[in-house]
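Okay, so the sequence shown: first residue is 613 according to my numbering, each after it adds one.
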Amino acid sequence: MPKGASLFRCVCVCVSVSKLSVFQCIQSIIGEESYRQDTVNQWTAKIVEQALTLLVKQTKSYKYIVSCAVMQKSGAGLHTANSCYWDTVTDGSCTVKWENRTMYCVVSVFAVALTP
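Structure, rendered in structure tokens:
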């Protein structure tokens, strides 16, 4: 198997593990809470900190970037986009969309491989 193929497989596995970990993280922090403007900053800080901690525990050779947006359901549109210029064989990203009855949460995770 070529060297790049095993790295690509690792990125795919890391992304799928990351999606599940991030989803569980959001669910454990926000769950069925109702949207409250005074707690959104606390929620987003906890989500990115906990997600980053879970990613680092995977002990993979990556730098991680985690961003989180929480928006109240009010009928307004929510559009997000990410663009990356990197090595598509070794680096990866995932976006987790989560919602409950009163809010949306969108978390983006970027993993950039550390090179020796």
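Don't be surprised by glycine CBs; every beta carbon is placed ideally from N, CA and C.
Bear in mind the structure is a predicted one, so any value in this text is a computation, not a measurement.
Distance, residue j Cα to residue i Cα
i	j	result
Thr651	Glu711	16 angstroms
Ser679	Phe635	13 angstroms
His691	Ile641	23 angstroms
Gly643	Val721	20 angstroms
Thr656	Thr727	30 angstroms
Met683	Thr671	32 angstroms
Ser645	Met715	What sits at residue 645 in the sequence shown is Glu, not Ser. Spanning the two alpha carbons is a distance of roughly 9 angstroms.
Closest by C-alpha distance to residue i, when choosing among the options
i	options	result
Ser633	Leu667, Thr656, Ala723	Leu667
Ala693	Ser640, Gly643, Thr707, Tyr676	Thr707
Leu664	Lys709, Gln649, Val719	Val719
Val660	Gly687, Tyr647, Tyr676, Gln649	Tyr676
Counted within 10 angstroms of its Cβ, other Cβ atoms place residue i as buried (16 or more) or exposed
i	result
Gly689	exposed
Tyr674	buried
Ser630	buried
Ala723	buried
Trp698	exposed
Gly704	buried
Cys637	buried
Cys696	exposed
Residue ranges of each beta strand (DSSP E) run of no fewer than 3 residues wholly in the stretch 642–723, ordered along the chain?
The qualifying runs are 674–684, 704–711.
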